[in-house]
Amino acid sequence: DIQMTQSPSTLSASVGDRVTITCRASQSISIWLAWYQQRPGKAPKLLIYKASTLGSGVPSRFSGSGSGTEFTLTISSLQPDDFATYYCQQYTSYCTFGPGTKVDIK
Amino acid sequence: EVQLLESGGGLVQPGGSLRLSCAASGFTFNNFAMTWVREAPGKRPEWVSAIGGNGDSTYYADSVKGRFTISRDNSKNILYLQMNSLRAEDTAVYYCAKDGGALRFYFDNWGRGTLVTVSS
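Following this line, the structure appears as structure tokens:
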């Protein structure tokens, strides 16, 4: 099974900050990685797929990069709506989610 | 607009059964694979099961294989999850999700979820 890890587990930031979250896979997954945003009590929302392709309607301040085993999600200028938990997910072998990174207010 | 609406969750005793449904609208249902993902309290999401657009291909996580059955009715645009031999560790919010295509295993639309609680 492919294991996913994320760092940091929690990130404190302010509106306007540039934020970067890292996701690592236990083996190469090429570019078959998605990122989701989840607000409390809500379903996950797709942000990025194929490592760097923006989902429909997702603001351009979100971007993804990486391939193989290391990936990043960047929010260029944090907005109030962005305080949430972010999950990476591999989909080269069925799918597995990472443990999540909670972005909270500093 | 894509809409997915789950139903059928509730409280069930260990060893019991439950059938979840997901009514889909806003897209050509039989053109897309569909999936169930669950999220236990305080845990990361866990993929449960997936089904191809025509219903011929089905896939299960090891944790539910042999106990859960996924199916779909393309004439009614409904996805199902039959859950048997339920265990306490099956307690979670269950989401249905639309696949990004034909069993690509990333999910571009999600329902609001239905809570399943397995407890005596």
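Listed in order, the protein sequences are those of chains A and B. Using my numbering, you'd call the opening residue of the first sequence number 1 and step up by one each time. Using my numbering, you'd call the opening residue of the second sequence number 107 and step up by one each time. Glycine included, C-beta positions come from ideal geometry on N, C-alpha and C.
Point to revise | Beta-carbon separation (whole angstroms), Trp216/B vs Leu110/B, contact threshold 8 Å | key: 7 Å
Check your understanding: Bridge partners of Asp205/B, per DSSP?
Key -> Phe213/B
Review point. Comparing the C-beta of Ala51/A with each C-beta of chain B, is any distance below 8 Å?
Key: no
**Study point:** 6 Å Cβ shell around Arg61/A - same chain, five flanking residues per side excluded
**Key:** Same-chain partners within the cutoff: Ile75, Ser76 and Ser77.
Practice item. Within the same chain, show all residues whose beta-carbon is closer than 8 Å to that of Gly207/B, passing over the 5 residues directly before and after it, in chain order. Key: Phe138 and Ala139
Review point. What separation, rounded to the nearest whole angstrom, lies between the Cα atoms of Gly122/B and Ser52/A?
Key: 43 Å
Review point. For Ser67/A versus Ile31/A, is the C-beta spacing smaller than 8 Å?
Key: By the CB criterion at 8 Å, Ser67/A and Ile31/A fall inside the cutoff.
Point to revise | Contacts around Ile21/A, its chain only, beta-carbon distance under 6 Å, and the 5 residues preceding and following it disregarded | key: Leu73, Tyr86 and Thr101
Point to revise | Close-in-space but distant-in-sequence residues of the same chain around Thr223/B (CB under 6 Å, 5 per side omitted) | key: Leu117 and Thr197
Check your understanding: What does a CB cutoff of less than 8 Å around Met4/A pick up in its chain, not counting 5 residues either side in sequence?
Key -> Cys23, Arg24, Ala25, Ser26, Cys88, Gln89, Gln90, Thr96, Phe97, Gly98 and Pro99
Exercise for review: Find the residues of chain B that neighbour Tyr91/A, judging by a C-beta separation of less than 8 Å, and give them in chain order.
Suggested key: Annotation: Cβ neighbours of Tyr91/A in chain B (cutoff 8 Å, chain order): Arg210, Phe211 and Tyr212.
**Study point:** With 16 other Cβ atoms within 10 Å as the buried cut-off, status of Glu112/B
**Key:** With 16 or more Cβ atoms within 10 Å of its Cβ, Glu112/B is classed as buried.
Point to revise | Test: Phe71/A CB closer than 8 Å to a CB of chain B | key: no
Exercise for review: Measuring only between beta-carbons, confirm whether Trp142/B sits less than 8 Å from chain A.
Suggested key: no
**Study point:** Alpha-carbon to alpha-carbon, Pro40/A and Ala84/A
**Key:** Taking the CA atoms as reference points, Ala84/A sits about 7 Å from Pro40/A.
Check your understanding: Measuring CA to CA, which of Gly159/B, Ser181/B and Gln188/B is closest to Lys171/B?
Key -> Gln188/B
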